[in-house]
Amino acid sequence: MRYNEKELQALSRQPAEMAAELGMRGPKKGSVVKRRLVKLVVNFLFYFRTDEAEPIGALLLEHCRVAQEEPSGFSISFLEDPERKYHFECCSEEQCQEWMAALRRASYEFMRRSLIFYRNEIQKMTGKDPLEQFGISEEARFQLSSLKA
Amino acid sequence: MGFFPQWATMKLHQKSVLRFFRGYRTQAPDREGILLKKGARNTSYQRRWFILRGNLLFYLEHQADHTPLGLILLENCQVEPRLGATEPYAFTIRTPGGGGRAYKLAAENREELRAWLWALAGATWTRLAVLLRPLEAQYRELCQAAGQEPGSPPEDCGSPATPRTLFSFQELHEHFGKEIRMLQAVHRQFQEASDNGGSRSRAGGGEAGAHELLMSGN
Chain A
1 MRYNEKELQA LSRQPAEMAA ELGMRGPKKG SVVKRRLVKL VVNFLFYFRT
51 DEAEPIGALL LEHCRVAQEE PSGFSISFLE DPERKYHFEC CSEEQCQEWM
101 AALRRASYEF MRRSLIFYRN EIQKMTGKDP LEQFGISEEA RFQLSSLKA
Chain B
1 MGFFPQWATM KLHQKSVLRF FRGYRTQAPD REGILLKKGA RNTSYQRRWF
51 ILRGNLLFYL EHQADHTPLG LILLENCQVE PRLGATEPYA FTIRTPGGGG
101 RAYKLAAENR EELRAWLWAL AGATWTRLAV LLRPLEAQYR ELCQAAGQEP
151 GSPPEDCGSP ATPRTLFSFQ ELHEHFGKEI RMLQAVHRQF QEASDNGGSR
201 SRAGGGEAGA HELLMSGN
């Protein structure tokens, strides 16, 4: 599948929600932990060699599962392939929790589900559609029906 | 992660993207349909099936293909109609980054053009984040006022998100300002086309519909 690498590189240079040096280990058997600069930008997780300006890889954070891994690390796996885990090691429990929360929040699909949930709850509680003030209440991507097949 | 030679290009983990593309067969895409696409080297337009899902635009050779030909990332792109192109209903997706491509596309008719422009303008993660923040804040305030425990969106997503920054009207104003300016530009260009006696009017429709098309909801 073709993609423009420059587009991804440009994205990786944008202000990040989270950025830190973490230990990272790929899903392949026998892979070792390497120090990487890990950067969360929109719904992509970029990772860099610590002294380089361009990322060496990117993961799209959709339909993924973020789980705690002892002692103070977490893993990212994708729902269809739960055994294939990308492991990350943090320097503290606190940093680990912060990253896990941020990664879960980063998914476009999660954000969309959240928006639809809040919209409906607010409508139930106030009788008013909060998206109306933005003039987008008809937008197809924010309808309850968009969550179903 | 293995050895990376100096000349290795950045690795996008395609499996993660393909899964998203396939949408787990549980979710309709945000928009899909035929668009004409100018090749990077071959300058003729090719018919492709485009699928918009979230902030990613995929294109396939055929609608039923299991794997896309390519992917366009829609953050910080400029989407604008392109008059004077060899194809009518043409538009460009300009991607950021030096060396980022300008994708030259064309819709099959005015309705499709309008619908795609609107869908693409609203597709970014950033815009979704800007919309989500005030709604989340409002929900929490309402729960607090009602003495109610705030709930979470469905699905296992771990702990509920805590707003990191306060909603600012300025942010929303700027964000929607961009969309409105873009749509005004589209509208102006439609007007110009009709003033110049453009040969693109719909049969029997004329240009009067352009304003209505843009202003009528989605």
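Chain order of the listed sequences is A and B. Each residue of the first sequence is one higher than the one before, counting from 1 in the UniProt record's numbering. Each residue of the second sequence is one higher than the one before, counting from 1 in the UniProt record's numbering. Even glycine gets a Cβ: it sits at the ideal position worked out from N, Cα and C. Here the structure is a predicted model, which means the values were calculated and not measured.
Please say whether residue j and residue i have beta carbons closer to each other than 8 Å?
i                      : j                      : result
residue 35 of chain B  : residue 21 of chain B  : no
residue 6 of chain A   : residue 100 of chain B : yes
residue 72 of chain A  : residue 90 of chain A  : yes
residue 44 of chain A  : residue 36 of chain A  : no
residue 133 of chain A : residue 96 of chain A  : no
residue 153 of chain B : residue 117 of chain A : yes
residue 67 of chain B  : residue 1 of chain A   : yes
residue 81 of chain B  : residue 113 of chain B : yes
residue 109 of chain A : residue 122 of chain B : no
Going by alpha carbons, who is nearest to residue i out of the options?
i                      : options                      : result
residue 114 of chain A : A:125, A:65, A:143 and A:42  : A:143
residue 105 of chain B : B:88, B:96 and B:92          : B:92
residue 17 of chain B  : A:107, A:34, A:137 and A:126 : A:107
residue 28 of chain A  : A:16, A:54, A:85 and A:67    : A:85
residue 101 of chain A : A:40, A:128 and A:118        : A:40
residue 23 of chain B  : B:56, B:33 and B:48          : B:56
residue 95 of chain B  : B:74, B:44 and B:135         : B:74
residue 133 of chain B : A:111, A:129 and A:74        : A:111
residue 29 of chain B  : B:15, B:45, B:58 and B:146   : B:58
residue 64 of chain B  : B:54, B:136, B:118 and B:48  : B:48
residue 19 of chain B  : A:127, A:83 and A:64         : A:64
Using three-state DSSP, classify residue i as helix, strand or coil.
i                      : result
residue 136 of chain A : coil
residue 28 of chain A  : coil
residue 51 of chain B  : strand
residue 3 of chain B   : Low confidence applies here, because residue 3 of chain B scores a pLDDT of 43, under 50, leaving its location unreliable; read the following figure in that light. DSSP places residue 3 of chain B in coil when its eight states are reduced to three.
residue 64 of chain A  : strand
residue 10 of chain B  : coil
residue 1 of chain A   : coil
What's the gap between the Cα of residue i and the Cα of residue j?
i                      : j                      : result
residue 99 of chain A  : residue 14 of chain A  : 18 Å
residue 9 of chain A   : residue 126 of chain B : 17 Å
residue 81 of chain A  : residue 60 of chain B  : 24 Å
residue 38 of chain A  : residue 12 of chain B  : 14 Å
residue 139 of chain B : residue 122 of chain A : 6 Å
Chain B beta carbons: is any one of them nearer than 8 Å to that of residue i?
i                      : result
residue 130 of chain A : yes
residue 85 of chain A  : no
residue 6 of chain A   : yes
residue 18 of chain A  : no
Under 8 Å between C-beta atoms, does residue i make it to chain A?
i                      : result
residue 92 of chain B  : no
residue 125 of chain B : yes
residue 70 of chain B  : yes
residue 33 of chain B  : no
residue 55 of chain B  : yes
residue 66 of chain B  : no
Does any C-beta atom of chain D lie closer than 8 Å to the C-beta of residue i?
i                      : result
residue 113 of chain A : Chain labels in this structure do not include chain D; the protein chains are A and B.
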